[in-house]
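Number of protein chains: 2
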Amino acid sequence: MKNIKFLSQEKTESKIRIIPLGGTTGVTKNMYVYEYYFQNQLQDIIIIDCGIGFPKEQNLGVDLVIPDITYLKDKTKYIRAVLLTHGHEDHISALPYHYANLGKPPIFATKLTKQFLENKFAEFGNKVHINEIDYRKTYEFGAFKAEYIHLTHSIPDTAHIFIKTPAGNIYHGSDFKFDLTPPYEQPPDFAKIIRAGQQNILCLLTDCLGVEREGMTLSEKAVGETFIEEMRKTKGKFFMTTFSSNISRIRQCMDAAAVFNRKVVFVGRSMKENTKLARDLGYLPLYERLVIKEEEAARLPPNKLCIIVAGSQGQFDSALSKISQKRNPNISIQSGDKIIFSSDPIPGNEDQIYSLIETLSELQADVVYSNIQDQLHASGHGNQDDLKILVRLTNPKYIMPIGGTLRHQYVYQKFAKDLGYGKDKIIMLKEGEPVWFENKNAYKSERIETKNIFVDAETIGDVGNTVLQDRKTLAEEGFVNVVLLLNNNNQLIAKPQIITRGFVFTPNEKDLFAKAEVEIARVLKQPGKDHNLIRKEIDKALTKLFIQEKGRTPLIVITILNL
Amino acid sequence: MKNIKFLSQEKTESKIRIIPLGGTTGVTKNMYVYEYYFQNQLQDIIIIDCGIGFPKEQNLGVDLVIPDITYLKDKTKYIRAVLLTHGHEDHISALPYHYANLGKPPIFATKLTKQFLENKFAEFGNKVHINEIDYRKTYEFGAFKAEYIHLTHSIPDTAHIFIKTPAGNIYHGSDFKFDLTPPYEQPPDFAKIIRAGQQNILCLLTDCLGVEREGMTLSEKAVGETFIEEMRKTKGKFFMTTFSSNISRIRQCMDAAAVFNRKVVFVGRSMKENTKLARDLGYLPLYERLVIKEEEAARLPPNKLCIIVAGSQGQFDSALSKISQKRNPNISIQSGDKIIFSSDPIPGNEDQIYSLIETLSELQADVVYSNIQDQLHASGHGNQDDLKILVRLTNPKYIMPIGGTLRHQYVYQKFAKDLGYGKDKIIMLKEGEPVWFENKNAYKSERIETKNIFVDAETIGDVGNTVLQDRKTLAEEGFVNVVLLLNNNNQLIAKPQIITRGFVFTPNEKDLFAKAEVEIARVLKQPGKDHNLIRKEIDKALTKLFIQEKGRTPLIVITILNL
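Going down the list, the sequences are from chains A and B. Position one of the first sequence corresponds to residue 1 (this note's numbering), numbered consecutively onward. Position one of the second sequence corresponds to residue 1001 (this note's numbering), numbered consecutively onward.
Structure below.
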């Protein structure tokens, strides 16, 4: 009796709240905060994933963006653990930036994820202990109980996490596909997913990036078969480029190389590092037999070489770009060589990828990429049928699509209708938008403000939105720099200095600058103005002039020197 | 006998040269110069197409790019005609910029093309006579004889041009697909293509944009069927967005509207203008019966409206974006409305399109686009099988792929192997690269230098490459503005003024500026330098400082005032 009462109390007095600090609508920068409340008091927090993002502002000189953890600032004492699902950058790589500010909580990860993250911490000069999880164990973090479930994705050791709380059970199903024939790993642990599904799952969080594509996602194995076929036809050097975290892809390429007696060369910093880490864990068993150094490549005939190289997104300074620009002293490209792009363009990268493909083609290499040939690449994300299977196995009350964009969430909402889930059962969250689970029901509450924390070159967070707005104006309109040397009566002592950059080609614009000087003189003629007013009025007058004469609005900077 | 001698003389003494001033490797900005030489003397020139381009530099404030016609400057007296293939912007819209500089040659075009181009000239305040071609006629321009051949594409009245010269015959096969069931036009004039093919075609110029796609391109008719199906299911307003030049698409949407008793509203300047021009030519017969004004839309129930709207590429200031931002006083979006994107994203536009789709989805509209549904859009460009058919019908000696990029040319080169054309038979030209045809053989000659003529806001050609390079630096790094007030001994009279924009957030960087002042003082301490040297040394010192401290290289502008 007492027991029953206790249970019913819990039912009403315990609540969960999930807050995505990233990842729901921007694909990358994944970070999910799970909070457990009892009698309206916050008791425990666990965090799932802490990844970097790749911002739209990249042409404004911003490299990365990391989650804003301001919300957690005064709550570090409640943080019981950080749990990581897999080793991709957008799930783990922000942790070294934030670890200290999170109060250094215990970290849990699968084997390869642990290795990759330790390497990230080492780049920051830090050594941090990471717990390698045991799939058989149930971990307790305050009121949270967590079990890892083995899944398949485009990186080994990917997991889902089943989370039990007194307020309900949640299935955290981030990036995955159901690969039924993974070349080296175990298939997904369907039995464990089903066992979780039999325990009243209140909410399924699910990868939704592939929701626009029909059918099941291609197995990684199909790509290995393509490597064999393509290598068989290649008379010269065989190049393969993909993401350096895609260890199975790399291993399949090494297996093909072994069949054709080719030695393997890794080129590019990330490619060398990641494969070394994977070798240390035993994920690349042919490493010792096949891998030679870059410098040794030149001594072998082309048909004895398989070059696995970073730079599949066409980045200007990547290893493959450098080879195409003949900037690699050991490896060149000739007629007879084949280059396989085993990757899809990340939207926005098309231009640079195609430009690289063209440069390689001009060197008379045979370039093969996904537009012109199938089965060169298998996505790591489940298509519609993968996603349907996860829903059927977990049988949740609510579904929260994550890891896509707002558009993918809307498509998921439509798609879930056929599975019997109405709009009220699909929880669509923006960044910082919390969802409460109470009495087995879900409701949203007010959005928590989050900012973009930009990481630019070496420094973190020093590029604010004002700076970016200025850069945008500078990019599109250029600037005009006006220097005035004034006496105490605000009369010009010397001719105004006008310098422009990115605006007009100066030598052609004497007339324009003469008109600008007239405007400046006009503003200065009226007495009794302070410098701020002078600046404001000159800005206004010149803006008007430049619109009239050039149809443009450059950024105007006015410096006044007083003597 | 005499005749035979004459022919053989011609054979050796007459030559043709084709120079692409745009269009071969950049998809857009199509302009082809055909030259005829006799005894090494230039005799006649015809120009095919004269279109605008959409540059990669759009985020640097450049709107358009037009072909560089410097090469033709001293040859206007030889220009016999400008022939236009169809009415798309990238084939006709640069002509108003260049017409006078080309010596105002006669212009020939099909019916709709003529109407669209006249409208373009009118925007420039010019009235120009354009000859509407007759498909049955052979036109003579000096040694060139030209016949128009009716084709199908994504705009009505698209043609190929068959060009005969004493030095050989050329088939100019720009943008097309073989639409076997065009909804309103005649199918392609296969008989005439075959007749051309029986006259020893020396070179086929062929659209190659679709060469990566298998099979035949979808017929435009399939899209009309989709409109009917989608409109049947729509309870609220029906929106359709596509390119405003796609008159058949628009007409099919109007036909569907007639079936369901919906009135048609055109929204957006280009959409209103183009449909008015098409109506005047009789291409939109239901116009009078169906079309109402925007202001009348609010008075009709949603299920009586079909809104055909510009902005399918998600442009921020387009009609559809304005509706999504609730900036259109007459038309709003509610639950129950459907919005169909009947277009594919132009690479590079994905971000803005998806962002528009998300805004529309947030208004609870049902948004349908090509990722999630087939047959919403049919490409205007032939796939592999269309391209193969053209080769088989024309049976040329040489093939020159045009209207794509370098990548498409390389894919075409591979693809043509199966058709029996070796690499030596595929002519791959870059912009400005001429190909000669002499004695029925082709060879390339030295590239003619062409520049990008950027059109920025209202002015043409005033954005040089220096300005763009500066804008790129400004976009990625920002600038630092240093003003020094020096006496005659180059000593500072006042504290250096340092202002930055787009670089760092100034209030946080007192230390950095203090260090910069130290560097400036150090440079000035050594006597005997002129201003140029001072500028140079300060620039060097500050660049080093900013790299060290910030890892960045802003544009540095130094102004020195002497007293």
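Think of the CB as a built atom: it goes at the ideal place given N, C-alpha and C, for glycine as much as any other residue. Note that this is a predicted model, so its numbers are computed, not measured.
### Task
Measuring only between beta-carbons, confirm whether A:Gln497 sits less than 8 Å from chain B.
Position 497 of the first sequence, counting from 1, holds the residue named residue 497 of chain A. Chain B contact via Cβ: present.
### Message
Could you compute how far the alpha carbon of B:Phe1316 sits from the alpha carbon of A:Lys397?
### Response
Counted from its first residue, the second sequence places residue 1316 of chain B at position 316. Counted from its first residue, the first sequence places residue 397 of chain A at position 397. One C-alpha to the other measures close to 39 Å.
### Task
Would you kindly report the start and end of the unbroken beta strand (DSSP E) that includes B:Tyr1032?
The sequence position of residue 1032 of chain B within the second sequence is 32, counting from 1. Per DSSP, B:Tyr1032 belongs to the beta strand (DSSP E) from 1031-1038.
### Message
Is the beta carbon of A:Asp49 closer than 8 Å to that of A:Ser174?
### Response
Residue numbering aside, residue 174 of chain A sits at position 174 when the first sequence is read from its first letter. Residue numbering aside, residue 49 of chain A sits at position 49 when the first sequence is read from its first letter. Going by C-beta atoms, A:Ser174 is nearer than 8 Å to A:Asp49.
### Message
If you reduce the DSSP assignment to three classes, tell me which class A:Met428 lands in.
### Response
In the first sequence, the residue the question calls residue 428 of chain A occupies position 428. Of the three classes helix, strand and coil, the one that applies to A:Met428 here is coil, per DSSP.
### Query
Cβ of B:Lys1055 less than 8 Å from any chain A Cβ?
Start at 1 with the first residue of the second sequence, and residue 1055 of chain B comes out as number 55. According to the sequence displayed, residue 1055 of chain B carries Pro and not Lys. Not one chain A Cβ lies under 8 Å of B:Pro1055.
### Message
What would DSSP say about A:Ile292, mapped onto helix, strand or coil?
### Response
Start at 1 with the first residue of the first sequence, and residue 292 of chain A comes out as number 292. If DSSP states are grouped into helix, strand and coil, A:Ile292 belongs with coil.
### Query
Less than 8 Å separating the beta-carbons of A:Val267 and A:Ile307?
By 1-based counting over the first sequence, the position of residue 267 of chain A is 267. By 1-based counting over the first sequence, the position of residue 307 of chain A is 307. Yes, these two residues count as a Cβ contact at 8 Å.
#### Entry: Rounded C-alpha distance that separates A:Gly236 from A:Leu363
Numbered from 1 along the first sequence, position 236 holds the residue referred to as residue 236 of chain A. Numbered from 1 along the first sequence, position 363 holds the residue referred to as residue 363 of chain A. Using only the alpha carbons, I get a separation of about 13 Å.
### Query
Hey, quick one: how far does the alpha helix (DSSP H) through B:Ser1321 stretch, first residue to last?
By one-based count along the second sequence, residue 1321 of chain B stands at place 321. Segment 1319-1324, the alpha helix (DSSP H) holding B:Ser1321.
### Query
Between which two residues does the beta strand (DSSP E) containing A:Asp351 stretch?
On the first sequence, residue 351 of chain A is found 351 positions in, with the first residue counted as 1. Where A:Asp351 is concerned, there is no enclosing beta strand (DSSP E), although the alpha helix (DSSP H) it sits in stretches over 350-362.
### Every unbroken alpha helix (DSSP H) within the stretch 250-313 of chain A, with a cutoff of 4 residues, ordered by chain
269-280, 287-290, 294-297
### Helix, strand or coil at A:Pro20 [DSSP, three-state]
The count along the first sequence starts at 1 and reaches residue 20 of chain A at position 20. The answer is strand: DSSP assigns A:Pro20 an E or B state.
### Task
Give the residues of chain E in contact with A:Pro401, contact being defined as C-beta atoms less than 7 Å apart.
Considering every chain present, this structure includes no chain E. Its protein chains are A and B.
### Query
At a Cβ threshold of 8 Å, is B:Asn1481 touching chain A?
For the purposes of this step, residue 1481 of chain B is identified with residue 481 of the second sequence, where counting begins at 1. At least one chain A Cβ lies under 8 Å of B:Asn1481.
### Task
Take the Cβ of A:Arg269 as the centre, count every other Cβ of all protein chains shown within 10 Å, and call the residue buried at 16 or more, exposed below.
Taking the first sequence and counting its residues from 1, the one referred to as residue 269 of chain A is at position 269. Classification for A:Arg269: exposed.
### Task
Could you round the C-beta distance between A:Pro183 and A:Gly224 to whole angstroms and report it? I think they count as a contact, below 8 Å.
Working through the first sequence from its first residue, we reach residue 183 of chain A at position 183. Working through the first sequence from its first residue, we reach residue 224 of chain A at position 224. About 6 Å separates the two Cβ atoms, so the contact holds.
#### Entry: Between the CA atoms of A:Gly432 and A:Val582 - distance to the nearest angstrom
Lying before the first or after the last residue shown, residue 582 of chain A is absent from chain A, which here runs from 1 to 563.
### Contact with chain A by B:Ala1521, beta-carbon distance below 8 Å
Here residue 1521 of chain B is taken as the residue at index 521 of the second sequence, counted from 1. No, no contact with chain A.
### Query
Along the stretch 1333-1357 of chain B, what residues have a CB closer than 8 Å to any CB found in chain A?
Pro1347, Gly1348, Glu1350, Asp1351, Tyr1354, Ile1357
### Query
Where DSSP assigns a beta bridge to B:Cys1208, which residues make up the other side?
What you label residue 1208 of chain B is simply residue 208 of the second sequence in a count that begins at 1. None; B:Cys1208 has no bridge partner.
### Task
Can you have a look at B:Asp1386 and say buried or exposed, based on whether 16 or more other CB atoms are within 10 angstroms of its CB?
The residue given as residue 1386 of chain B occupies position 386 in the second sequence. Classification of B:Asp1386: buried, given that the 10 Å Cβ count is 16 or more.
### Query
Could you check where the beta strand (DSSP E) with B:Tyr1410 kicks off and where it finishes?
The sequence position of residue 1410 of chain B within the second sequence is 410, counting from 1. That residue, B:Tyr1410, is in no beta strand (DSSP E); its alpha helix (DSSP H) goes 1406-1417.
### Task
Mark B:Glu1140 as exposed unless 16 or more other C-beta atoms lie within 10 angstroms of its C-beta, in which case mark it buried.
On the second sequence, position 140 is the one that residue 1140 of chain B refers to. Classification for B:Glu1140: exposed.
### Query
Taking C-beta to C-beta, are A:Ala167 and A:Tyr36 nearer than 8 Å?
Along the first sequence, read from residue 1 onward, the residue named residue 167 of chain A stands at position 167. Along the first sequence, read from residue 1 onward, the residue named residue 36 of chain A stands at position 36. Going by C-beta atoms, A:Ala167 is nearer than 8 Å to A:Tyr36.
### Task
Could you check if A:Phe124 is buried or exposed, using at least 16 other CB atoms within 10 Å of its CB as the buried criterion?
As a first step, residue 124 of chain A must be located in the first sequence, where it is residue number 124. So A:Phe124 counts as exposed.
### Task
Quick one: grab the DSSP three-state call for B:Ile1547.
Working through the second sequence from its first residue, we reach residue 1547 of chain B at position 547. B:Ile1547: helix per DSSP, three-state reduction.
### Message
Does B:Glu1296 pass the burial test, meaning 16 or more other C-beta atoms within 10 Å, or should it be called exposed?
### Response
As a working mapping, residue 1296 of chain B is identified with position 296 in the second sequence. B:Glu1296 is exposed by the Cβ-count criterion.
#### Entry: Rounded C-alpha distance that separates A:Ile560 from B:Pro1496
If you number the first sequence from 1, residue 560 of chain A lands on position 560. If you number the second sequence from 1, residue 1496 of chain B lands on position 496. Whole-angstrom Cα-Cα distance: 12 Å.
### Message
Between A:Ala494 and chain B, is the shortest Cβ-Cβ distance under 8 Å, so that the two count as touching?
### Response
Here the question's residue 494 of chain A lines up with position 494 in the first sequence. Output row for A:Ala494: interface = yes.
### Task
Alpha carbon to alpha carbon, how far is A:Gln526 from B:Ile1498? Give it in angstroms, no decimals.
Residue numbering aside, residue 1498 of chain B sits at position 498 when the second sequence is read from its first letter. Residue numbering aside, residue 526 of chain A sits at position 526 when the first sequence is read from its first letter. Computed Cα separation, rounded: 28 Å.
### Query
Which full runs of the beta strand (DSSP E) of 3+ residues lie inside the stretch 437-525 of chain A, going along the chain?
441-444, 453-456, 479-486, 497-501
### Query
When you compare only the Cα positions, how much space is there between B:Ser1342 and B:Gln1373?
The residue labelled residue 1342 of chain B in the question sits at position 342 within the second sequence. The residue labelled residue 1373 of chain B in the question sits at position 373 within the second sequence. C-alpha separation (whole angstroms): 10 Å.
### Amino acids of chain B, ordered along the chain, whose beta-carbon sits closer than 7 Å to that of A:Glu212
Translated into positions along the first sequence, residue 212 of chain A becomes position 212. Those within 7 Å of A:Glu212 in chain B are Asn1371, Ile1372.
### Query
Is any beta-carbon of chain A found at less than 8 Å from that of B:Tyr1171?
Working through the second sequence from its first residue, we reach residue 1171 of chain B at position 171. No, because no Cβ of chain A sits closer than 8 Å to the Cβ of B:Tyr1171.
### Task
Using beta-carbon positions only, say whether B:Ile1161 and B:Leu1102 come within less than 8 Å of one another.
Counting from one through the second sequence, the residue named residue 1161 of chain B turns up at place 161. Counting from one through the second sequence, the residue named residue 1102 of chain B turns up at place 102. No, these two residues do not count as a Cβ contact at 8 Å.
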